[in-house]
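Peer 1: Add 2 to a position in the sequence shown, counting from 1, and you land on the number used in our numbering.
Beta carbons are placed, not taken as given, at the ideal position from N, Cα and C, and that holds for glycine.
Predicted model only: the values in this text are computed from it and were never measured.
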Amino acid sequence: MQLLVDLPDGWSSRIDIKQTSSGRYAGVAELNLRGLKRGVLVFMQQPTLEAALQRVRLRASQFARERLGPQDASSKMPSLHS
3 MQLLVDLPDG WSSRIDIKQT SSGRYAGVAE LNLRGLKRGV LVFMQQPTLE
53 AALQRVRLRA SQFARERLGP QDASSKMPSL HS
């Protein structure tokens with residue numbers, strides 16, 4: 003099954019989730035920033051589909067914050083040449 007999950011700050015994720023023979027959920031999430039692929043997250047087995055989606059949202063948000071944090075901070079710093 004494939005799902006789309008919207009994330010803050012222009013990020014989105016296409017998630018490929020499979021249900022294991024034990025009934026748990028695992029998969030891969032491709033992370034995109036404004037349509038450009040920026041990373042892939044692999045998430046291990048979760049007990050329910052909702053738990054798997056919560057895990058992806060959490061990890062994807064952390065990934066996005068780590069990627070955007072330093073860039074945002076440097077773009078907001080005053081120029082030394084002003």
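Where residue 37 and residue 20 are concerned, what is the direct C-alpha to C-alpha distance, given to the nearest angstrom?
Peer 2: Rounded to the nearest angstrom, the two C-alpha atoms are 24 Å apart.
Peer 1: Only counting runs of 3 or more residues, tell me where the beta strand (DSSP E) segments fall wholly within the region 18–49, in order along the chain.
Peer 2: Segments of the beta strand (DSSP E) lying fully in the region 18–49: 27–35 and 38–48.
Peer 1: Can you tell which of 15, 16 and 57 has its C-alpha closest to the C-alpha of residue 27?
Peer 2: Minimum Cα distance to residue 27 is reached at 57.
Peer 1: With distances taken from CA atoms, which of 66, 10 and 11 is nearest residue 41?
Peer 2: Considering only alpha carbons, the answer is 66.
Peer 1: Whole angstroms is fine: what's the gap from residue 69's alpha carbon to residue 49's?
Peer 2: Answer to the nearest angstrom: the Cα atoms are 29 Å apart.
Peer 1: Return the Cβ separation of residue 62 and residue 29 in integer angstroms, given the expectation that the two are a contact with Cβ distance under 8 Å.
Peer 2: At roughly 12 Å, the Cβ-Cβ gap does not stay under 8 Å, so residue 62 and residue 29 are not in contact.
Peer 1: By a C-beta neighbour count over all protein chains shown, 10 Å radius and 16 as the cutoff for buried, is residue 60 buried or exposed?
Peer 2: Exposed: under 16 other Cβ atoms inside 10 Å.
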